[in-house]
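Asker:
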Amino acid sequence: MSLSESERHIIVSRELEKAQRTFDDALFCADEGKWETTANRLYYALFHAMSALLVNDGYHVKSHRGILAMFGEHFIRTEIFAKEDGALLSDLVIMRDNADYNCFFEADEERLSPYIKPTRQLIEKIKQYIAEHK
């Protein structure tokens, strides 16, 4: 799928907006003590930011696992982003899968709150990268 510059900019902008709204939802859910939903929203906030990043740089991804792989290949291995950023994404994938599908998983403040600040920081780092590489 080939995008025009205009289409690419629109998609990147919409994905970043969605990332911010979804992150705001995560904060709301955390404030309400809805920790399973917080896990889901943190992951999806980062998913939309990563989608914006990949589209910005001309990559097309069809799956959630594809985003993990492409981020690792094009942004972690090349040291554009830190290994910790990739680890955060991997942790949130696992956390979201457990929160959504594992009835024995206990999502709580102790487990989830340490992911809020790093997720916010990585989204901001992605926004900054995109602003510098349009």
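Quick note: to get our numbering, add 39 to the position in the sequence shown (first position is 1).
Ideal Cβ placement from N, Cα and C applies to all residues, glycine included.
Given a threshold of 16 other Cβ atoms within 10 Å of its Cβ, counted over all protein chains shown, does A58 qualify as buried or as exposed?
Answerer: By the 10 Å Cβ count, A58 comes out buried.
Asker: Starting from S41, follow the alpha helix (DSSP H) in both directions and report where the run begins and ends.
Answerer: Counting along the chain, S41 falls outside any alpha helix (DSSP H), and DSSP gives it neither H nor E.
Asker: So what does DSSP say about R116, is it helix, strand or coil?
Answerer: DSSP places R116 in coil when its eight states are reduced to three.
Asker: Tell me which residues share the same chain as V94 and place their Cβ nearer than 8 Å to its Cβ, disregarding the 5 neighbours each side in the sequence.
Answerer: Once the five neighbours on either side are set aside, the close Cβ partners of V94 are L42, R47, I50, V51, E54.
Asker: Could you tell me if T30 is buried or exposed, where buried requires 16 or more neighbouring beta carbons within 10 angstroms of its beta carbon?
Answerer: Because the chain spans 40 through 173 in this model, residue 30 falls outside it and cannot be assessed.
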